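Count along the sequence shown from 1, add 7, and you get the number used in full-length UniProt numbering.
Yeah, the Cβ is synthetic: ideal placement off N, Cα and C, and Gly gets one too.
Just so you know, these numbers come straight off a predicted model, no measurement behind them.
Report on the structure given below.
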Amino acid sequence: PLSLLADASLLKTDALLGGRWFAGGQRLDVHDPATGHKLADVANLGPQETQRAIDAAREALPGWSARTAKERSQLLRKWFNLLMQHQDDLARLITAEGGKPLAEARGEVAYGASFVEWFAEEAKRVNGEVLPHFQPDRRLLVLRQPIGVCAAITPWNFPLAMITRKVAPAIAAGCTVVVKPAELTPLTALAVAELAQRAGLPAGVLNVVTSDDAAGVGRVLCESAHVRHLSFTGSTEVGRILMEQCAPTIKKLSLELGGNAPFLVFDDADVDAAVEGAFASKYRNAGQTCVCTNRFYVQDGVYDEFVQKFAARVQQAQVGNGFDDGVLIGPLIEKAAVDKVQRHVDDAVAKGARIVTGGKALPDLGSGQFFEPTVLADATTGMLFAREETFGPLAPIVRFKTEQEAIAAANATEFGLASYFYARDMARIFRVGEALEAGMVGVNVGLISSEQVPFGGVKQSGLGREGSSHGIEEYVELKYLCLGGL
Ligand code: ADP
C-alpha cells in the first residue's frame with residue numbers, strides 16, 4: 008500500500024536526532040495489521056541514542072525559546088499547512104501500519120493537524136501578568152516561561168494525533184521535544200517529523216526516537232534531570248511505571264491513560280439518535296480508542312428497542328482491510344487484542360449474556376486479526392468488561408431500572424475518562440452530567456473530541472488536559488519577579 012504514496016519521500020525510516028536522520032545499527036520491522044505483511048523497517052534505537060536525542064533537545068532549547076512567539080507561530084502554521092497538503096499520504100501511512108479505515112485515517116490527519124493550527128494561534132497568547140503591589144516601592148510581574156526539554160511517549164491507536172497534541176503545545180510554548188512513538192506505528196511519526204523539517208523547524212526542536220525497547224528508552228527519558236516534562240498516552244499500567252520513574256527528578260507529568268467509558272440510555276432518550284451515537288462511539292477504530300464506549304446501560308423501558316435497533320445498525324458495518332471501499336471496521340492491532348475481545352465475550356456468555364450479533368474472531372480474513380462487531384444483550388456488571396477495557400468491537404448491554412442504579416454502575420470503575428448518556432429531560436441532563444465521574448461527558452452525542460476542548464481524565468485515567476487554551480499550561484512554568492527599591 009505504501010507504493011501508493013503521492014510523495015514517496017514521506018516514507019522515512021530513520022530516526023530524527025538533532026535535525027539529522029539517523030539509521031542506527033539495528034532495525035525494527037513494521038507490519039500491516041490487515042495483511043500481516045512487512046511494510047518497512049525503521050531505526051531501532053536504544054538508551055544511548057535516547058540520551059543523544061535529549062542532548063540535541065537541550066542544545067536547541069535556548070535558541071528556540073528565544074524566538075518571538077510570532078516566529079514560533081508562523082513555523083507551526085507552515086507545519087499545519089503541510090500536514091493538510093499531505094493529508095492523503097499521511098492517511099495511507101496510518102491505515103497501512105495502524106489498520107483503521109482510510110476515511111477515518113483522513114479524519115485523524117485533520118484532527119491531528121488541528122492541534123498544530125490551534126497551538127500556532129495559542130503560541131501568541133502566552134501572556135504574563137502585572138500584579139497589584141503590596142508595597143509602594145515594589146512592582147510584581149509574573150512571567151510564563153517554557154518548562155524546558157519535554158518527552159512524549161505515544162500510542163499506536165492515533166499515530167499522528169497523539170504526537171501533534173503533545174508536540175504542538177510544547178513547541179508553541181518554546182520547549183523542545185523528544186518523541187518516542189509506539190513501536191507498531193513509527194512510519195506516521197517519522198512522516199510528521201519530515202513535514203516539520205520541511206516547515207523549517209530548527210534542528211533539535213523535535214527529535215524522534217523509534218525503538219522497540221520501550222522500557223529502556225522510557226527509563227532514560229524519565230530518569231534524565233534535563234527532561235522537565237513527560238507526556239504519555241497509553242495504558243494505566245505503563246502510566247504508573249512512568250510516574251514512579253519520574254518521581255526522583257520531580258518531573259511534571261501529563262498522563263492520558265485507560266478508560267472504560269459507560270454509555271447510558273434513559274427512557275426519555277431519542278432511541279434512534281442514541282443508536283447512531285452508540286455506533287459512532289463504540290466502533291471507531293474497531294473499538295480501539297480510549298474514549299470508545301466499553302459498556303452500555305439501557306433503561307428498562309427502551310432496552311429491547313435499543314438492543315434490536317443497535318444490532319441491526321451494527322450488522323450493516325462491513326469488516327475488512329481499511330484500504331477497501333465501504334469498510335467501516337478494520338483489523339485489531341495485534342493477535343493479543345483479538346484474544347482479549349474473545350476472552351471478554353466468552354466470560355460474558357458463560358455468565359449469562361446473549362450474543363445478538365457477531366461474537367467470533369475471523370481467523371481466515373487477511374492477517375487473521377479481525378473480530379466481528381459484536382452486541383451482547385443481558386450483560387451484567389459482574390462480567391469482565393465492567394472492570395477491564397476491552398479495546399475492541401464488543402458492545403455489552405446491561406439493563407437498568409433507576410437513574411441512581413445507572414450512575415452507580417457507570418462510576419464503579421477506577422477509570423474516569425469519557426462517558427456518554429442520552430436523555431431529554433433537562434433536570435436529568437444536569438443531574439447525570441454532574442454525577443458522572445469522568446473528565447469528559449457526551450450528552451446526546453457519541454463523538455466529543457476537538458482541538459478546542461480540554462481532553463483528559465479523572466481518577467486513574469490520568470493527569471492534566473490536552474488541547475484547548477488549557478493545553479499549553481502543561482508546558483509553561485510561572486515565574487514571579489519581585490522588583491524592589493523603585
Ligand atoms: P497500548 O495499550 O496503547 O499499547 P501501552 O501503554 O502499552 O499502551 O503503550 C503506549 C506507549 O507506551 C507505546 O509507545 C509503548 O511503546 C510505550 N511503553 C510501553 N511500555 C513502556 C515502558 N515500560 N516504559 C516506557 N514506555 C513504554
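Could you name the residues of the same chain whose beta carbon sits closer than 7 Å to that of Ala64, not counting the 5 residues immediately before and after it, in chain order? Taking the sequence shown and counting its residues from 1, one reaches residue 64 at position 57. For Ala64, where only same-chain residues beyond five positions count, the Cβ hits under 7 Å are Val156, Thr183, Val184, Val185, Gly211, Asn214.
Quick check: is the beta carbon of Ala417 nearer than 8 Å to any beta carbon in chain C? Absence of chain C from the displayed structure is noted, only one protein chain being present.
Is Gly266 near the ligand ADP, with its Cβ less than 7 Å from a heavy atom? Along the sequence shown, read from residue 1 onward, the residue named residue 266 stands at position 259. No, the Cβ of Gly266 stays beyond 7 Å of every heavy atom of the ligand ADP.
Through-space distance from Ala285 to Val305, alpha-carbon basis: In the sequence shown, residue 305 corresponds to position 298, counting from 1. In the sequence shown, residue 285 corresponds to position 278, counting from 1. Distance between the alpha carbons of Val305 and Ala285: 11 Å.
Helix, strand or coil: which one does DSSP assign to Trp71? Taking the first residue of the sequence shown as position 1, residue 71 is located at position 64. Looking at Trp71 - three-state DSSP - the assignment turns out to be helix.
For His140, which three-state DSSP category applies? As a working note, residue 140 is residue 133 in the sequence shown. It is coil, neither helix nor strand.
Three or more C-beta pairs below 8 Å linking the stretch 415 to 424 and the stretch 454 to 466: The stretch 415 to 424 is in contact with the stretch 454 to 466.
Taking contact to mean at least 3 C-beta pairs separated by less than 8 Å, is the stretch 20 to 34 in contact with the stretch 320 to 336? As far as the Cβ criterion goes, the stretch 20 to 34 does not touch the stretch 320 to 336, which means the pair count is below three.
Could you check the C-alpha separation between His351 and Glu136 for me, to the nearest Å? Counted from its first residue, the sequence shown places residue 351 at position 344. Counted from its first residue, the sequence shown places residue 136 at position 129. Each residue's Cα considered, the two are about 53 Å apart.
Let me check understanding here. Comparing Cα to Cα, which of Phe407, Gly181, Leu24 lies closest to Val483? As a first step, residue 483 must be located in the sequence shown, where it is residue number 476. If we check each option's Cα against that of Val483, Gly181 comes out closest.
From Ala413, Ser374, Lys367, Asp353, pick the residue whose C-alpha is nearest to that of Met390; which is it? Along the sequence shown, read from residue 1 onward, the residue named residue 390 stands at position 383. The shortest Cα separation from Met390 among Ala413, Ser374, Lys367, Asp353 belongs to Asp353.
Taking Ile160 as part of the beta strand (DSSP E), name the residues at either end of that continuous run. The residue labelled residue 160 in the question sits at position 153 within the sequence shown. In the DSSP assignment, Ile160 falls within the unbroken beta strand (DSSP E) covering 156 to 160.
If you reduce the DSSP assignment to three classes, tell me which class Thr240 lands in. Mapped onto the sequence shown, residue 240 falls at position 233. Reduced to three states, the DSSP call for Thr240 is strand.
Return the chain-ordered list of same chain residues with a C-beta closer than 6 Å to the C-beta of Phe122, the five sequence neighbours on each side being excluded. Residue 122 sits at position 115 when you count from the first residue of the sequence shown. Answer for Phe122: Thr171, Arg172, Ala175, Glu458, listed in chain order.
Report yes if the C-beta distance between Val216 and Ala22 is below 8 Å; otherwise report no. Counting from one through the sequence shown, the residue named residue 216 turns up at place 209. Counting from one through the sequence shown, the residue named residue 22 turns up at place 15. With respect to Ala22, Val216 sits close: the two C-beta atoms are nearer than 8 Å.
Taking Leu138 and Leu147 to be in contact with their CB atoms under 8 Å, please state how far apart those CB atoms are, rounded to whole angstroms. As a working note, residue 138 is residue 131 in the sequence shown. As a working note, residue 147 is residue 140 in the sequence shown. About 4 Å; that satisfies the 8 Å criterion.
So, Glu104 versus Val49, is the Cβ gap smaller than 8 Å? Taking the sequence shown and counting its residues from 1, one reaches residue 104 at position 97. Taking the sequence shown and counting its residues from 1, one reaches residue 49 at position 42. At a Cβ-Cβ threshold of 8 Å, Glu104 and Val49 do not count as neighbours.
To the nearest angstrom, how far is the alpha carbon of Cys299 from that of Ala368? Within the sequence shown, the letter at position 292 stands for residue 299. Within the sequence shown, the letter at position 361 stands for residue 368. Whole-angstrom Cα-Cα distance: 20 Å.
Excluding the 5 residues preceding and the 5 following Phe378 in the sequence, name in chain order all residues of the same chain whose CB lies nearer than 7 Å to its CB. One-based indexing of the sequence shown puts residue 378 at position 371. Around Phe378: Leu339, Val345, Val348, Ala368, Leu369, Gly399, Pro400.
Pick from Asp385, Gly265, Leu208, Glu251: whose alpha carbon is nearest that of Ser72? Sequence index remark: in the sequence shown, residue 72 carries index 65 (1-based). Minimum Cα distance to Ser72 is reached at Leu208.
In angstroms with no decimal places, state the Cα-to-Cα distance between Ile61 and Gln152. Indexing the sequence shown from 1 puts residue 61 at position 54. Indexing the sequence shown from 1 puts residue 152 at position 145. Taking the CA atoms as reference points, Ile61 sits about 19 Å from Gln152.
Tell me, to the nearest whole angstrom, how far the beta carbon of Glu263 is from that of Thr243; I am working on the premise that it is less than 8 Å. Sequence index remark: in the sequence shown, residue 263 carries index 256 (1-based). Sequence index remark: in the sequence shown, residue 243 carries index 236 (1-based). So it is not a contact: roughly 10 Å between Cβ atoms.
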